[in-house]
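What follows is a set of notes on a single structure, which appears directly below.
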Amino acid sequence: MVMVAVTHETADEPRVAVSPETVKKLTALGCKVRVQAGSGKGSNFSDDALKAQGAEIVPDAASALSGADILLKVRRPTTEEIKALKPGAIVAAILDPYDKAAMEPLAGTGANLFSMEFMPRISRAQSMDVLSSQANLAGYKAVVDAASMFGQAMPMMMTAAGTVPAAKVFIMGVGVAGLQAIATARRMGGAVSATDVRPATKEQVQSLGAKFVAVEDEEFKQAQTAAGYAKPMSAEYQKKQAELVSTHLKNQDIVVTTALIPGRPAPKLITRAMIAAMKPGSIIVDLAAERGGNTEATEPGKTVIVDGVKIVGPLNLAGTVAGNASSLYAKNLYAFIELMIDKKEKTLNVNWDDEIIKGTLVAKDGKIVHPSLTGQSA
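Per numbering that gives the first Met the number 0, residue 0 is the first one in the sequence shown, and the count goes up by one each step.
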């Protein structure tokens, strides 16, 4: 029998790595799921609900971790937690793996560390794509929060006293979060536009009924990596794009920025000068705040007002809809762990040559092994 452990997250993380649904599925796979009491509280998953689906609820982390084969977490676990597992145990979490100083002690435990952020962008891994499941919710919540802070109505309203114009919403960065932000803003009646340096996004933006805004030159046509991420752009292109965006920003009511390149500081898309030219009362929600932010005025974890513009730097928007976020994240983890279980023997059987396993494996046998962290080419 495979022993799976789930322990408390940090105080500021309401999500949890299992749900009643996935406890039931893991149990059916032949796993024994031990959950530290209260772990699901932030997501409104009661101990009784988890227990009813087969989880063993234990009083403390030590009881959950003792002898466990697998540790499932949302955020990076501590070295002490990993040391309490079986030697060579499996750890699956959002590890923030580019933080070398934090990762090396974890790797030194000898555990097999899997970073869910590194999930390959291939069709058979879609059900395991943590970044997409969480970004989807973040994009939705960014627009909802912006609308609640905006001192005016979102949709156009025709009244006997006159017409209320639709709020103008501009989405910067059209990944999963950006697309959901576009769709949400459109559902709420906003007049939506969006920009991205990747040419493939133009059709996606237009298919959602939004206007696409970008400098569409030759460099723009080559601005996407094979993995689907945006490439860093030349200084000349950045200048032209900045001029276009600056002009466009002057008339916007709500702006949501989502631009991130894995392992790098967030690109600065909005300067203080651009903010100064925006309308007083407008809102910017910066989804890249955890990596320093897409604006020069973003303060991670805070809401600030600069020249009459409110700039919001949320650190865990998906966590503000924790029940949904945990349900999706738990399904991502279940689909991933299912790859490692021999369904007939009900034992661990990891295929180390599987591209999903290789793509997410960060540390093995006491060493960091992922190519993007060791300087090797992938």
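Beta carbons are placed, not taken as given, at the ideal position from N, Cα and C, and that holds for glycine.
### Task
My understanding is that Val-5 touches Ser-38, with C-beta atoms under 8 Å, so please give their C-beta distance in whole angstroms.
Val-5 to Ser-38, Cβ: 6 Å. Contact.
#### Entry: Check: Asn-111 C-beta below 6 Å from any heavy atom of the ligand SAH
Ligands are entirely absent from the displayed structure, and the ligand SAH is therefore not among its contents.
#### Entry: Straight-line gap, Ser-65 to Val-57 (C-alpha atoms, nearest Å)
When rounded, the distance between both Cα atoms is 11 Å.
### Message
Classify Ser-206: buried if its beta carbon has 16 or more other beta carbons within 10 angstroms, exposed otherwise.
### Response
Residue burial annotation: Ser-206 is exposed, with fewer than 16 other C-beta atoms found within 10 angstroms of its C-beta.
### Query
Since Thr-26 sits in a beta bridge, which residues does DSSP pair it with?
In DSSP, Thr-26 forms no bridge with anything.
### Task
Could you check which residue in Ser-114, Val-173, Met-148 and Gly-365 has the C-alpha nearest to that of Lys-210?
Closest option to Lys-210, Cα to Cα, is Val-173.
### Query
Going by beta carbon distance, what residues of the same chain come within less than 6 Å of Val-303, once the five residues before and after it are set aside?
Listed in chain order, the non-local C-beta contacts of Val-303 below 6 Å within the same chain comprise Ile-310, local neighbours out to five positions each way being set aside.
### Task
Quick one: using the 10 Å Cβ neighbour count with 16 as the cut-off for buried, is Arg-186 buried or exposed?
Counting the other Cβ atoms within 10 Å of the Cβ of Arg-186 gives fewer than 16, which makes it exposed.
### Query
By DSSP, does Arg-271 sit in helix, in strand, or in coil?
Under the three-state reduction of DSSP output, Arg-271 falls in the helix class.
### Local conformation of Phe-219 per DSSP, three classes
In the structure shown, Phe-219 adopts helical secondary structure according to DSSP, grouped into three states.
### Task
Figure out for me which residue from Ile-121, Glu-20, Ile-69 and Thr-108 has the closest Cα to the Cα of Gln-52.
That would be Glu-20, whose Cα lies nearest to the Cα of Gln-52.
#### Entry: Closest by C-alpha distance to Glu-295, when choosing among Ala-275, Leu-314, Phe-335 and Glu-344
Per the Cα distances, Ala-275.
### Task
With a cut-off of 8 Å on the beta carbons, I'd call Met-102 and Thr-359 a contact; round off their distance for me.
Actually they do not touch by this definition, with Cβ atoms about 14 Å apart.
### Task
Give me the Cα-Cα distance between Gly-262 and Tyr-97, rounded to the nearest whole angstrom.
Cα to Cα, the separation comes out at about 6 Å.
### Own chain residues within Cβ distance below 6 Å of Val-244, not counting five before or after
Residues of the same chain with their beta carbon placed closer than 6 Å to that of Val-244 are lacking, with the five preceding and five following residues left out of the count.
### Query
How long is the line joining the alpha carbons of Lys-301 and Glu-344, rounded to whole angstroms?
Cα to Cα, the separation comes out at about 51 Å.
### Between the CA atoms of Ala-334 and Met-127 - distance to the nearest angstrom
Just so you know, the alpha carbons of Met-127 and Ala-334 end up roughly 6 Å apart.
### Task
Please go through the same chain and pick out, in chain order, the residues whose beta-carbon is closer than 6 Å to the beta-carbon of Pro-266, but skip the five residues on each side of it.
Within the same chain, Ala-258 come within 6 Å of Pro-266 by CB-CB distance, once the 5 residues on both sides are set aside.
### Query
Under the DSSP definition of a beta bridge, which residues are partnered with Phe-113?
According to DSSP, which records beta bridges pairwise, Phe-113 is partnered with Ala-91 and Leu-360.
### Query
Taking contact to mean at least 3 C-beta pairs separated by less than 8 Å, is the region 174 to 194 in contact with the region 135 to 145?
In short, these stretches touch, since the Cβ pair count reaches three.
### Task
In the DSSP assignment, find the unbroken beta strand (DSSP E) run with Phe-335 in it and report its ends.
Segment 321 to 337 is the alpha helix (DSSP H) holding Phe-335; no beta strand (DSSP E) there.
### Query
Val-168 bridges to which residues according to DSSP?
The secondary-structure analysis by DSSP pairs Val-168 across a beta bridge with Val-191 and Ile-253.
### Reduced DSSP category for Thr-21 - H, G, I as helix; E, B as strand; rest coil
In the structure shown, Thr-21 adopts helical secondary structure according to DSSP, grouped into three states.
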